[in-house]
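Participant: Just so you know, the protein sequences line up as chains H and P, in that order. If you want our numbering, it's the 1-based position in the first sequence plus 75. If you want our numbering, it's the 1-based position in the second sequence plus 75.
Protein chains: 2
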Amino acid sequence: MGRRERKKAATRQALADAALRLFLDRGFDQVSVRDIAEAADVSTTTVFKHFPSKEALLFDLDSDREAALIAAVRDRPEGMSVPRALCEHTLRMHSDGTDDPEMARFVELTESTPGLREYGRRMLMRHEAALAAAIAETTGVPADDPGCAALAHFALETVGFARGRADARRSIEAAFALLEHGWPAAGQR
Amino acid sequence: MGRRERKKAATRQALADAALRLFLDRGFDQVSVRDIAEAADVSTTTVFKHFPSKEALLFDLDSDREAALIAAVRDRPEGMSVPRALCEHTLRMHSDGTDDPEMARFVELTESTPGLREYGRRMLMRHEAALAAAIAETTGVPADDPGCAALAHFALETVGFARGRADARRSIEAAFALLEHGWPAAGQR
DNA sequence: TTGAAAAGTTGAGTCGTTGCACTTTTTTAG
DNA sequence: CTAAAAAAGTGCAACGACTCAACTTTTCAA
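What follows is the structure, given as structure tokens:
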């Protein structure tokens, strides 16, 4: 890697670090892009050469998420259903956000700012097609099967559903119970 | 109704009309709020006294939607399941958008602009709580039952899912089939 | 060494949106 | 009925996110 790319990476990292620090300190809306640029000692325009938007400064670590999602489906234990595997994966991701206090503050920031909620949701939904393809593959149906796409969409949407509900874990489980067993018929209630 | 309110209503209508005309003509992003204000012969500030955002200029008619949604659940034929009723209602709403050519252009506009898609989705999702309550009522469970909330959320989310897919009707039906019967067990495939 | 491409930086500008001040209308008090 | 005060409408100027067109610097091959 040449000197140039190293410097570019350093600037990028400095921007992401400064942004995270300022956001956690003052809140997303109380920090302007100018502030971040100044803290990293570059001009505001330069910020947008490295990141497509103000929100993107926070979601710099987006990789691996898709891979973990696909793996949860593909490498699930023998005999476990796809919705069940996705449920457990979602619960696992969710508890990751409440263990580490550093991470907890980050999660709290993203969930309390409407703009960041939307952005996070869109980031997550970009994996819909890949997840649908993985589901189709393990169940042996055509890759564009609408049922697989629907399951993928709803499974990803579940975190958005649980957000803001009183008992998040119970909401996640209820959502996946619906996806796995369907709406209970009139007699079974 | 006094003269003042009449004038206010007239200005509001003029703004909504001018906005719709310009948006259909040039596209949402190619029209600035200043253009709309000028077309209605007011200042840009006045626009935001009547509408909370640029997007709101298009979604002026949002009422009745929630009422129709609730009615579809509450007044469904004897013996019809809740997901089935919601499926038919969703399909009915969807075909409304493709019949009338005027409406078709409107739908095409809202679906082709990312900002408008998000806004429309949020408008729709505001009905989640009311729909969940209606579902809970007809099935005789506590109003805050997470299963009902999940069904409400996913049913509303279905239009967002079908959007942008090749065969929208088939996608809607597949989504509701999943919600009604659940993910088919390994043997049934 | 040189010269052109790639990348970084900048200042000026656009667009959505909001605070502050000003004008007009409606309501209230004398 | 009139004056004052409250309320509502309107516009100018400004802020913050983001883009564009130019300019400067860095890199690297010939």
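Glycine included, C-beta positions come from ideal geometry on N, C-alpha and C.
Tell me which same chain residues have a C-beta within less than 6 Å of the C-beta of H:D224, skipping the five on either side of it?
Facilitator: A small correction: the amino acid at residue 224 of chain H is Ala; Asp does not occupy that position in the sequence shown. Within the same chain, and ignoring the five residues on either side of H:A224 in sequence, the residues whose Cβ sits closer than 6 Å to its Cβ are A207.
Participant: How should P:P158 be labelled, buried or exposed, when 16 other C-beta atoms within 10 angstroms of its C-beta is the threshold for buried?
Facilitator: buried
Participant: As a quick exercise: from P:R81, P:E80 and P:S128, pick the residue whose alpha carbon is nearest that of P:A94.
Facilitator: P:S128
Participant: Let me know the secondary structure DSSP gives H:A160 once reduced to three states.
Facilitator: helix
Participant: Does H:F181 get closer than 8 Å to chain P when you measure Cβ to Cβ?
Facilitator: no
Participant: What are the start and end residues of the alpha helix (DSSP H) that includes H:P221?
Facilitator: P221 to A237
Participant: Could you tell me which chain P residues have their CB closer than 7 Å to the CB of H:H169, listed as they occur along the chain?
Facilitator: Listed along chain P, no residue sits closer than 7 Å to H:H169 by beta-carbon distance, the nearest being about 15 Å off.
Participant: Taking CB distances under 8 Å as the criterion, tell me whether P:R245 reaches chain H.
Facilitator: yes
Participant: Check the Cβ of H:A249 against every Cβ in chain P and list those closer than 7 Å, keeping chain order.
Facilitator: P221, G222 and A225
Participant: Assess, as a yes-or-no matter, whether the segment 77-91 of chain P is touched by the segment 234-254 of chain H under the definition of 3 or more beta carbon pairs within less than 8 Å.
Facilitator: no
Participant: Starting from H:L97, follow the alpha helix (DSSP H) in both directions and report where the run begins and ends.
Facilitator: R78 to R101
Participant: What's the call for H:P189, buried or exposed, on a 16-neighbour Cβ count within 10 Å?
Facilitator: With fewer than 16 Cβ atoms within 10 Å of its Cβ, H:P189 is classed as exposed.
Participant: Would you tell me roughly how many angstroms separate the C-alpha atoms of P:M168 and H:S118, rounded to the nearest one?
Facilitator: 49 Å
Participant: Classify P:K129 as helix, strand or coil using the three-state DSSP reduction.
Facilitator: coil
Participant: Should the segment 235-243 of chain H be regarded as contacting the segment 144-164 of chain H, the criterion being three or more beta carbon pairs within less than 8 Å?
Facilitator: no
Participant: Quick one: grab the DSSP three-state call for P:E153.
Facilitator: coil
Participant: Applying the 10 Å Cβ sphere with the 16-neighbour rule, what's the burial state of H:P221?
Facilitator: buried
Participant: Given a cut-off of 8 Å on the beta-carbon distance, is the pair H:H256 and P:G257 in contact?
Facilitator: Result yes, Cβ atoms of H:H256 and P:G257 sit closer than 8 Å.
Participant: Give me the Cα-Cα distance between P:L226 and P:D139, rounded to the nearest whole angstrom.
Facilitator: Between the alpha carbons of P:L226 and P:D139 lies a distance of about 21 Å.
Participant: Would you call the CB atoms of P:T273 and P:L136 closer than 8 Å?
Facilitator: A question about residue 273 of chain P goes unanswered here, because the residues of chain P that appear run from 76 up to 264.
Participant: Could you give the C-beta distance for P:L231 and P:L199, rounded to a whole number, given that I count them as a contact under 8 Å?
Facilitator: 5 Å
Participant: Taking 8 Å as the CB-CB cut-off, is P:E232 touching chain H?
Facilitator: yes
Participant: Using alpha carbons as the reference points, say which of P:P217, P:T173, P:T213 and P:E163 lies closest to P:A329.
Facilitator: This structure leaves residue 329 of chain P out entirely; chain P is present only between 76 and 264.
Participant: Can you tell which of P:T214, P:E130 and P:V108 has its C-alpha closest to the C-alpha of P:T120?
Facilitator: P:V108
Participant: In its own chain, which residues sit with a C-beta less than 6 Å from the C-beta of P:A237, not counting the 5 before and 5 after it?
Facilitator: A243, S246 and I247
Participant: Using 8 Å as the threshold, is the C-beta distance between P:R180 and P:L99 below it?
Facilitator: yes
Participant: What would DSSP say about P:F134, mapped onto helix, strand or coil?
Facilitator: coil
Participant: Using only CA atoms, which one of P:T165, P:A131 and P:E130 lies nearest to P:A147?
Facilitator: The option with the nearest alpha carbon to P:A147 is P:T165.
Participant: Are there any heavy atoms of the ligand NAD lying less than 7 Å away from the beta-carbon of H:L90, as far as the coordinates show?
Facilitator: Judged by which ligands are present, the structure shown has none, so any question about the ligand NAD falls away.
Participant: I want to verify the contact list: residues of chain H whose CB lies under 9 Å from the CB of P:S107, in sequence order.
Facilitator: Here the premise fails: no neighbours, minimum Cβ distance about 20 Å.
Participant: I need the DSSP call for H:V117, collapsed to helix, strand or coil.
Facilitator: coil
Participant: For a test of the three-state rule: what should DSSP assign to H:H169, helix, strand or coil?
Facilitator: helix
Participant: Which residue wins for smallest C-alpha separation from H:D92, given the options H:R79, H:I111, H:R201 and H:R101?
Facilitator: In terms of CA proximity to H:D92, H:I111 leads the group H:R79, H:I111, H:R201 and H:R101.
Participant: I'd like the span of the alpha helix (DSSP H) that includes P:A209, first residue to last.
Facilitator: E203 to T214
Participant: Distance, Cα to Cα, P:A160 vs P:T214?
Facilitator: 13 Å
Participant: Quick one: is P:S156 near chain H, going by C-beta distance under 8 Å?
Facilitator: yes
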